[in-house]
Amino acid sequence: TASGHGAVFILQQGRKPALLSGSDTVRAQSSANGLLAGSGDTVYAVGFRTGVLSVTDGRGTWREIARGLGSPDGIDWAHGTQGFYVSDNVGGNLYFVSRTSGGSVTRLASGLKAPADLVIDRKRRWLVVPENGGNRLTVYPLSS
25 TASGHGAVFI LQQGRKPALL SGSDTVRAQS SANGLLAGSG DTVYAVGFRT GVLSVTDGRG
85 TWREIARGLG SPDGIDWAHG TQGFYVSDNV GGNLYFVSRT SGGSVTRLAS GLKAPADLVI
145 DRKRRWLVVP ENGGNRLTVY PLSS
């Protein structure tokens, strides 16, 4: 935006793009990259330049969950809804961020080459991480 903030837009078929309330004023989301829908209007976002994971209620209130995630790109649910998997595109790390212990951050892997958006294959119980800099997909089996 003109004020140096980023913004997240809601796109719905047949409607004009709408601004996700507060996404254009929260400094932690000046570079929102990975987005993850929660229940109701809840949206989780990671800021690529800030290294912050935060959550909004969809009505303008944002709360910071964790810092120190490098340059986060991908985000998905881990272990049901106990936490999140987050990829660090520039630092080459894969993190687990807990929802239950105040957003504690655990590095699960390092040395990845530009890990990008990630996804959980829930049927096969795999965490799939594309590595843009390595021209490959890395697949991690998930325990039960």
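Per our numbering, numbering of the sequence shown is gapless, rising by one per residue and ending at 168. Ideal placement from N, C-alpha and C gives every residue a C-beta, glycine not left out.
Item: Bridge partners for ILE34 per DSSP, in chain order?; Value: ALA42
Item: Excluding the five sequence neighbours on either side, which residues of its own chain have a C-beta within less than 6 angstroms of the C-beta of ALA90, listed in chain order?; Value: LEU77, VAL121, GLY127 and VAL129
Item: With 16 other CB atoms within 10 Å as the buried threshold, where does SER134 fall?; Value: exposed
Item: Is it a yes or a no for the segment 56-75 touching the segment 104-121, going by three-plus beta-carbon pairs under 8 angstroms?; Value: yes
Item: Taking C-alpha atoms, which residue in ARG149, VAL114 and THR124 lies nearest to PHE72?; Value: VAL114
Item: Per DSSP, what kind of secondary structure is ARG87 in: helix, strand or coil?; Value: strand
Item: Can you list the beta strand (DSSP E) stretches of 3 or more residues lying completely in the segment 71-148, in chain order?; Value: 77-80, 86-90, 96-102, 107-112, 117-122, 129-133 and 143-145
Item: For GLY157, which of helix, strand or coil comes out of DSSP?; Value: coil
Item: With C-beta atoms as the reference, is ALA140 less than 8 angstroms away from ASN156?; Value: yes
Item: Could you check the C-alpha separation between ILE34 and SER47 for me, to the nearest Å?; Value: 11 angstroms
Item: Please identify the residue among SER55, THR80, GLY98 and LEU142 whose C-alpha is closest to the C-alpha of ASP65.; Value: THR80
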